[in-house]
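Residue numbers (the working numbering), protein chains in the order written: chain S, 100 to 417; chain H, 162 to 486. In this text, a Cβ means the ideal position worked out from N, Cα and C, and glycines have one as well. Owing to the predicted nature of the structure, the values given are computational and were not obtained by experimental measurement. A short write-up of the structure that comes next.
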């Protein structure tokens, strides 16, 4: 008898059993464990059980009767079966597009998950299954992403190694509150226990871990993870005022589209396009302006203009 | 019973085949009479392997395993019907890792601006949240979120249409590497989203090679009406920057505040220094973008090589200063 046949029968038997079955009862009903030696049959059954648990089949051990004399195995239907969820072909296709995104250390789990949902697909053509990936270059290994997500979802306290944006290595102990995706990167947001502040940590800078150290604290009532991951094209900061910036006609269309909160004011007589962009003292707006070379001019406020000019003069004299 | 079919997969581990069967059988039960080829496509499995699994399936069932207790599988005209498989009429629940991987990837993709699948994806994720619930995901799903504040590239839909139809298009493109806008004919083969941006992989008739274009820098797109034969470009599978023959190694010393450059650009070497600075070598086809990068980084960067780059930066600074005089 093929091992697969025995495994399929074992799942069916335990799913349909009205009460927990002892190994002896299983051996009695099911072909495949009839080895003359009881110990070797039992070992075979243990291996099968490991295989089933490994692929996610929930096998429980429970008393066979009210007197707790014996324990037996069963698969609880409510734990085994995927709830009935129906999907339109478009929804399933979209999930496949997401599942097939190419990432570092991809192990196929997302695709396996999507396939389980296919049973609930309404009739219609499902695309996305075989087309090329639409998304590439996730910058963190799947294991790290899953570990961070579990910490946030289960409100755990975690310890991990972290390299700051400035390159300094550090170790952090953080009560995980949430997970945020922004502009191509995943961030773990939580309470940094040493600094006693809510901080966002870019997962691609996590050097080892995260290791769960225990239960974490609850986030404040008005907590929103996304609010802690703010980034303009020139870096993080709290915008306090708006700067007026002029763009050469060639670059205006895409430069302004790269700034989420930009208000395009319109074209000047010389064809240059003026826009208002958020600016704050913590920002490195001058750097962003300089990255366009002669194609962008900082018009207002004066401090921004002065900073840009000072840095240009320094570069010219270098 | 065609036992050779069963044996043909001896290499495939029984656990893998079981994993597959517990997912495929419920699909077959719910979609009676579906085409074997379609099932093979959906589950990414060889038709031969699928048929072998099905042959094995109808030797299974429930005690006492009499003829009436075994799963019935009927294969006819390339279609398949399954009965007596009530116990497998619904698939196995997603594992925590499967549910999370799918949910996280979906959440990230849904944040891609201008995605035409966005509405369908949003409702699919909503169903996962509501129906799978905190139990499958491990906690309240609202703790995972994606920020969507970027603007879509306006040309994205037109680019995806051109890819789908294999149509040659003319684009007006702003290249950051040269800070120039060019008009070129391209054969776009693939559109994909990577690290916050949409890209199109295309054969570029201007340079006579495969190029990646950032969709948000494609200003205008004009259909030519001509079709092209896809060249099976590497597309999303390749690095975002491909070294060219004319590349010059640019050696920079980056201060702590400029370390992001090493993360953001493809480097051919990185050497850490004790003071938190890092020495990198970037291969660059053009110096224009490097000069702008140096200008942007200010005193966080020191140019080590090539010597001509310093002159370029000085010249760029004077040219830019003219705006302020």
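So which residues of chain H does residue i contact, with C-beta pairs closer than 8 angstroms?
i                      : result
residue 257 of chain S : Chain H residues near residue 257 of chain S: none, gap ~14 angstroms exceeds 8 angstroms.
residue 168 of chain S : Neighbours of residue 168 of chain S on chain H: none; closest Cβ ~23 angstroms, over 8 angstroms.
residue 190 of chain S : 281, 282, 284, 285 and 288
residue 297 of chain S : Those do not exist, as residue 297 of chain S stays about 14 angstroms from chain H at its closest Cβ, beyond 8 angstroms.
residue 328 of chain S : 308
Just checking: is the beta-carbon of residue i within a distance shorter than 8 angstroms of some beta-carbon in chain S?
i                      : result
residue 107 of chain H : Nothing can be reported for residue 107 of chain H, as the shown portion of chain H is limited to 162 through 486.
residue 348 of chain H : no
residue 535 of chain H : It is not possible to answer for residue 535 of chain H, since the shown part of chain H is limited to 162 through 486.
residue 339 of chain H : no
residue 245 of chain H : no
residue 221 of chain H : yes
residue 445 of chain H : no
Quick one: which chain S residues come within Cβ less than 8 angstroms of residue i?
i                      : result
residue 224 of chain H : 112, 128 and 129
residue 301 of chain H : 252
Kindly indicate the opening and closing residues of the beta strand (DSSP E) around residue i.
i                      : result
residue 371 of chain H : 370-375
residue 154 of chain S : Where residue 154 of chain S is concerned, there is no enclosing beta strand (DSSP E), given that its DSSP letter is neither H nor E.
residue 256 of chain S : 255-262
residue 444 of chain H : 439-445
residue 224 of chain H : Neither: residue 224 of chain H is in no beta strand (DSSP E) and is coded neither H nor E.
residue 427 of chain H : Per DSSP, residue 427 of chain H belongs to no beta strand (DSSP E) and is neither H nor E.
residue 375 of chain S : 372-378
residue 180 of chain S : From DSSP, residue 180 of chain S is part of no beta strand (DSSP E); its letter is neither H nor E.
State the start and end residues of the unbroken alpha helix (DSSP H) segment that holds residue i.
i                      : result
residue 105 of chain S : 102-115
residue 295 of chain H : 294-298
residue 242 of chain H : It is not in any alpha helix (DSSP H) - residue 242 of chain H instead sits in the beta strand (DSSP E) that spans 240-244.
residue 408 of chain S : 401-416
residue 122 of chain S : 122-128
residue 479 of chain H : 468-482
residue 216 of chain H : 208-218
residue 387 of chain S : 384-389
residue 408 of chain H : From DSSP, residue 408 of chain H is part of no alpha helix (DSSP H); its letter is neither H nor E.
residue 280 of chain H : 279-288
residue 195 of chain S : 188-198
When you compare the CB of residue i with every CB in chain H, is at least one pair closer than 8 angstroms?
i                      : result
residue 119 of chain S : no
residue 155 of chain S : yes
residue 319 of chain S : no
residue 422 of chain S : Residue numbering for chain S in the displayed model covers 100 to 417; residue 422 of chain S lies beyond these limits and cannot be assessed.
residue 132 of chain S : no
residue 106 of chain S : yes
residue 254 of chain S : yes
residue 196 of chain S : yes
residue 244 of chain S : yes
residue 182 of chain S : yes
residue 344 of chain S : no
residue 125 of chain S : no
residue 277 of chain S : yes
residue 241 of chain S : yes
residue 248 of chain S : yes
residue 293 of chain S : no
Report the neighbours of residue i on chain S: residues whose CB is nearer than 9 angstroms to its CB, in chain order.
i                      : result
residue 459 of chain H : 385, 386, 389, 410, 413 and 414
residue 474 of chain H : 414, 415 and 417
residue 342 of chain H : 349 and 350
Residues of chain S with CB under 7 angstroms from residue i, in chain order?
i                      : result
residue 378 of chain H : 353
residue 132 of chain H : A query on residue 132 of chain H cannot be resolved here, the shown segment of chain H reaching from 162 to 486 and no further.
residue 268 of chain H : 280
For a contact defined as C-beta to C-beta under 9 angstroms, what are the partners of residue i on chain H?
i                      : result
residue 187 of chain S : 281, 284 and 285
Which residues of chain H have a Cβ atom closer than 7 angstroms to the Cβ of residue i, listed in chain order?
i                      : result
residue 325 of chain S : 306 and 308
residue 103 of chain S : 175, 178, 179 and 217
Does the beta carbon of residue i come closer than 8 angstroms to any beta carbon on chain A?
i                      : result
residue 178 of chain S : Among the protein chains of the structure shown, namely S and H, there is no chain A.
**Request:** Spell out a yes or no on whether the stretch 279-299 of chain H and the stretch 162-172 of chain S are touching, meaning 3 or more CB-CB pairs, one atom from each, closer than 8 angstroms.
**Result:** Contact between the stretch 279-299 of chain H and the stretch 162-172 of chain S is absent: fewer than three C-beta pairs spanning the two stretches fall below 8 angstroms.
**Asked** Looking at chain S, which residues of the stretch 417-443 of chain H have a Cβ within less than 7 angstroms of any of its Cβ atoms?
**Response** When CB distances to chain S are screened at a threshold of 7 angstroms, the residues of the stretch 417-443 of chain H falling below it are 417, 418, 420, 421, 437 and 439, in chain order.
**Asked** Are the stretch 253-265 of chain S and the stretch 277-285 of chain S touching, with three or more C-beta to C-beta distances below 8 angstroms?
**Response** Contact between the stretch 253-265 of chain S and the stretch 277-285 of chain S is absent, because fewer than three Cβ pairs lie under 8 angstroms.
**Asked** When Cβ atoms are compared, which residues of the stretch 250-264 of chain H fall closer than 7 angstroms to chain S?
**Response** Cβ contacts with chain S come from 251, 252, 253, 254, 255, 256, 258, 259, 260, 261, 262 and 263.
**Request:** Specify whether the stretch 169-189 of chain S and the stretch 287-295 of chain H touch according to this definition: at least 3 beta carbon pairs, one from each stretch, less than 8 angstroms apart.
**Result:** By the Cβ rule, the stretch 169-189 of chain S counts as touching the stretch 287-295 of chain H, because three or more pairs are nearer than 8 angstroms.
**Members of the stretch 172-184 of chain H near chain S, C-beta cut-off 8 angstroms** = For the stretch 172-184 of chain H, which is checked against every Cβ of chain S, the residues closer than 8 angstroms are 175, 176, 178, 179, 180, 182, 183 and 184.
**Message:** Under 8 angstroms: do the stretch 319-330 of chain S and the stretch 265-274 of chain S share three or more Cβ pairs, one atom per stretch?
**Reply:** Flag = no, the stretch 319-330 of chain S and the stretch 265-274 of chain S do not touch.
**Request:** Using a Cβ-Cβ cut-off of less than 8 angstroms, give me the residues of the stretch 186-211 of chain H that come near chain S, in sequence order.
**Result:** Within the stretch 186-211 of chain H, the residues whose Cβ lies closer than 8 angstroms to some Cβ of chain S are 187, 188, 190, 191, 192, 202, 203, 204 and 205, listed in chain order.
**Asked** When the Cβ atoms of the stretch 102-118 of chain S are set against those of the stretch 177-187 of chain H, are three or more pairs found closer than 8 angstroms?
**Response** Contact between the stretch 102-118 of chain S and the stretch 177-187 of chain H is present, because at least three Cβ pairs lie under 8 angstroms.
**Prompt:** Counting Cβ pairs, one atom from each stretch, are 3 or more of them under 8 angstroms apart for the stretch 363-378 of chain S and the stretch 437-456 of chain H?
**Reply:** Contact between the stretch 363-378 of chain S and the stretch 437-456 of chain H is absent, because fewer than three Cβ pairs lie under 8 angstroms.
**Message:** Beta carbons nearer than 7 angstroms to chain H: which residues of the stretch 209-220 of chain S have them?
**Reply:** Cβ proximity to chain H below 7 angstroms picks out 209, 211, 212, 213, 214, 215, 217 and 218 from the stretch 209-220 of chain S.
**Item:** Sufficient close CB pairs (3 or more, under 8 angstroms) joining the stretch 207-219 of chain S to the stretch 244-264 of chain H
**Value:** The stretch 207-219 of chain S, when compared against the stretch 244-264 of chain H, does touch it at the 8 angstroms Cβ threshold.
**Request:** Mind the definition here: the stretch 325-339 of chain H touches the stretch 372-384 of chain H only if three or more C-beta pairs lie below 8 angstroms; say whether that holds.
**Result:** When Cβ pairs closer than 8 angstroms are counted between the two stretches, the stretch 325-339 of chain H is seen to touch the stretch 372-384 of chain H, the count reaching three or more.
**Message:** Within 8 angstroms, do at least three Cβ pairs link the stretch 411-429 of chain H to the stretch 447-462 of chain H?
**Reply:** Because the criterion of three Cβ pairs below 8 angstroms is met, the stretch 447-462 of chain H and the stretch 411-429 of chain H touch.
**Asked** How about the stretch 187-194 of chain S and the stretch 136-152 of chain S: do they share at least three Cβ pairs that are nearer than 8 angstroms?
**Response** No, the stretch 187-194 of chain S is not in contact with the stretch 136-152 of chain S.
**Item:** Cβ contact check for the stretch 450-457 of chain H and the stretch 431-440 of chain H: 3 or more pairs under 8 angstroms
**Value:** Output reads no: the stretch 431-440 of chain H does not touch the stretch 450-457 of chain H.
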